[in-house]
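The structure under discussion appears below in the form of structure tokens.
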Amino acid sequence: MTSLLPRPRGAFPSLSEWFEGTWPFGEHNMVRIEESMKDGKYTVRAELPGFDPDKGIHVTTEAGMLTISAEREARTEEQGRSEFRYGSFSRTVSLPQGADTSKIDAKYRDGILEVTVPYSEEKSGKQVEIKVAKS
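Counting along the sequence shown from 1, when you hit position 107 you're at 107 in the UniProt record's numbering, and nothing is skipped either side.
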């Protein structure tokens, strides 16, 4: 049962806070994702329910990293209890080698942001034969 009355907090979080998904040392609003690589496309699906994709969601790349960030302002119209999370949310992931950041595609539907980045599956390395001299 959930209580509407605040509990006194000690120096450490309660065991239930560890398992309820709250970061124990302050709010940590990380975007939850799914990643996949198939047919030359790296895809990241991010859970962002209730966000306005025209205002509060941003996708950026820099130095081989993809960052998804979102912001949602708290509504203060009603009094009562809210367990919704507000504020800034973000997640940064490494792009695969050979990612073509000029062709990133992002779509938002039903609370899920899907970002697709094509990448070259060609190996960019070169194998060199090592000759061993006998003495």
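By construction, the Cβ of each residue, glycine as well, lies at the ideal position given by its N, Cα and C atoms.
Compute the Euclidean distance between the alpha carbons of residue 39 and residue 133, then round it to the nearest angstrom.
-> 43 Å
Exposed or buried, what is residue 89 when buried is set at 16 or more other beta-carbons lying within 10 Å of its beta-carbon?
-> buried
What whole-angstrom Cβ distance do residue 51 and residue 72 have, given they're in contact under 8 Å?
-> 6 Å
The beta strand (DSSP E) enclosing residue 87, as first and last residue numbers = 87 to 94
Of the listed residues 94, 60, 127 and 41, nearest to residue 121 (C-alpha basis) | 41
Enumerate in chain order the residues of its own chain whose CB-to-CB distance from residue 99 is below 7 Å, with the five nearest sequence positions on each side excluded.
-> 42, 117 and 119
Residue interval of the beta strand (DSSP E) (run including residue 70) | 65 to 72
Could you tell me which of 68, 54 and 53 sits nearest to residue 60, measuring between CA atoms?
-> 68
For residue 57, is the classification buried or exposed, using 16 other Cβ atoms within 10 angstroms of its Cβ as the cut-off for buried?
-> buried
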